[in-house]
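**Student:** Going by full-length UniProt numbering, the first residue of the sequence shown is number 1, and it counts up by one from there. From the three backbone atoms N, C-alpha and C, an ideal C-beta is built for every residue, glycine too. All values reported here derive from a predicted model rather than from experimental measurement.
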Amino acid sequence: MSDDINVRSYTSQIPFARHLGFELTKFEDGESEIRYTAKPEHLNTFDVTHGGACMTLLDITMAAAARSQTPEVGVVTIEMKTSFMRPSVGPLAARGRLMHRTATLAFTEAGIYDDQGRLCAHATGTFKYVKRRLPTGPASANAQRPPSTD
Numbered sequence: 001m002s003d004d005i006n007v008r009s010y011t012s013q014i015p016f017a018r019h020l021g022f023e024l025t026k027f028e029d030g031e032s033e034i035r036y037t038a039k040p041e042h043l044n045t046f047d048v049t050h051g052g053a054c055m056t057l058l059d060i061t062m063a064a065a066a067r068s069q070t071p072e073v074g075v076v077t078i079e080m081k082t083s084f085m086r087p088s089v090g091p092l093a094a095r096g097r098l099m100h101r102t103a104t105l106a107f108t109e110a111g112i113y114d115d116q117g118r119l120c121a122h123a124t125g126t127f128k129y130v131k132r133r134l135p136t137g138p139a140s141a142n143a144q145r146p147p148s149t150d
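1) Looking only at C-alpha atoms, which of L119, S32, F107, P87 sits nearest to residue 160?
2) Let me know the secondary structure DSSP gives S12 once reduced to three states.
3) By Cβ distance below 8 Å, which residues in the same chain neighbour T37 in space, the five residues on each side in sequence not counted?
4) Compare the beta carbon distance of T61 and G96 with 8 Å and say whether it is the shorter of the two.
5) Starting from M55, trace the alpha helix (DSSP H) in both directions and tell me its first and last residue.
6) By the DSSP assignment, the beta strand (DSSP E) with F27 in it spans what residues?
7) Using C-beta distances below 8 Å, list every residue in its chain close to A103, excluding the 5 sequence neighbours before and after it, in chain order.
Given below as structure tokens:
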């Protein structure tokens, strides 16, 4: 694992992942794993993890897999397809894999597994590698600019 990325603080650097309570437990060699247990406010009307929270979990898991070989480079999501197989209930583990990469694109997949090891949801995604931005915010002299997908 790269010294540039502290596995314990990685998801805390992503405000939405921090809000949801994601915990990155693997980030190396084209693979990633994120643990997550939905809070009551993250459930749908059937009392299972909301599909939007699951898609966010899959997205961030795939992005981590894409970055795991070159953590100094950021990624942005270009495309994502998700299939839901069964309700995502209880403690969840999302596992991602970098399937192929080019100089500018990463092709990934990830699955969400329940605590019995059953596949609940699966996604594939394409990510574009981008240079990491300079720090922004109130204490920075840099203007906020979203990364380009050009």
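**Tutor:** The structure says:
1) Residue coverage of the chain in this structure runs from 1 to 150, which leaves residue 160 outside it and unanswerable.
2) S12 falls in the helix class under three-state DSSP.
3) If you ignore the 5 residues before and after T37, its C-beta comes within less than 8 Å of the C-beta of G21, G90, P91, L92, all in its own chain and listed in chain order.
4) Less than 8 Å separates the beta-carbon of T61 from that of G96.
5) 51 to 67
6) 23 to 28
7) Y129
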